[in-house]
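Peer 1:
Numbering (my numbering), first residue to last: 2 to 121.
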């Protein structure tokens, strides 16, 4: 493989990694409105509150009734785990109750940027 092909392959791989996509927090805030049927930043509802989600262990809020699958998931929320979750929560953690997902990597990156920057 020549240098041009290697560079092209590396760029394609980087572009395909949604966790590396630059997110727009303002657009993410608009997209987050679709999440608010079940979630909010500060109150548990059908879904748990999102304030402080970055760096929090999945299934660890003491005042939310998580599925056993999420209580036992054993990971911490970060860009990669949130991207995988938002892409397909039931494939990422089989047995969870969440069904909502975002198909587009840029939409996921934008929501993640919003949660990271504005939901501390």
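In this text, a Cβ means the ideal position worked out from N, Cα and C, and glycines have one as well.
(1) In whole angstroms, what separates the C-alpha of residue 118 from that of residue 27?
(2) Since residue 115 is in the alpha helix (DSSP H), which residue starts that stretch and which ends it?
(3) Going by DSSP, what residues sit across from residue 44 in a beta bridge?
(4) Quick check on residue 47: buried or exposed, where buried means 16 or more other Cβ atoms within 10 Å of its Cβ?
(5) Let me know if residue 101 comes out buried or exposed under the rule of 16 or more other beta-carbons within 10 Å of its beta-carbon.
(6) Should residue 75 be labelled buried (16 or more other beta-carbon atoms within 10 Å of its own) or exposed?
(7) Measuring CB to CB, does residue 1 end up less than 8 Å from residue 32?
(8) Please give me, in chain order, every unbroken run of the alpha helix (DSSP H) with length at least 4 that falls completely inside the stretch 54-110.
(9) Just reading off the alpha helix (DSSP H) that residue 27 is part of, what are its end residues?
(10) So, is residue 109 buried or exposed, given that buried needs 16 or more other C-beta atoms within 10 angstroms?
(11) Please classify residue 36: does DSSP put it in a helix, a strand, or coil?
(12) With distances taken Cα to Cα, identify the nearest neighbour of residue 38 among 113, 99, 82.
Peer 2: Let's see:
(1) For the purposes of this step, residue 118 is identified with residue 117 of the chain shown, where counting begins at 1. For the purposes of this step, residue 27 is identified with residue 26 of the chain shown, where counting begins at 1. If I take the Cα positions, the gap works out to 10 Å.
(2) Here residue 115 corresponds to residue number 114 of the chain shown, with the count starting at 1. Boundaries of the alpha helix (DSSP H) around residue 115: 106-119.
(3) Numbered from its first residue, the chain shown carries residue 44 at position 43. Paired residue(s): none; residue 44 is not in a bridge.
(4) As a position in the chain shown, residue 47 is number 46, starting the count at 1. Residue 47 comes out exposed.
(5) In the chain shown, residue 101 corresponds to position 100, counting from 1. Counting other Cβ atoms within 10 Å of its Cβ, residue 101 stays below 16 and is therefore classed as exposed.
(6) Reading the chain shown from its first residue, position 74 is the one you call residue 75. Flag for residue 75 reads exposed.
(7) What the structure shows of the chain is the stretch from 2 to 121, and residue 1 is not part of that stretch, so it cannot be assessed.
(8) Complete alpha helix (DSSP H) runs here, min 4: 69-72, 80-88, 90-93.
(9) For the purposes of this step, residue 27 is taken as residue 26 along the chain shown, with counting starting at 1. First-last of the alpha helix (DSSP H) with residue 27: 26-33.
(10) If you number the chain shown from 1, residue 109 lands on position 108. Flag for residue 109 reads buried.
(11) Numbered from 1 along the chain shown, position 35 holds the residue referred to as residue 36. The answer is helix: DSSP assigns residue 36 an H, G or I state.
(12) On the chain shown, position 37 is the one that residue 38 refers to. Looking only at 113, 99, 82, the smallest Cα-Cα distance to residue 38 is reached by 99.
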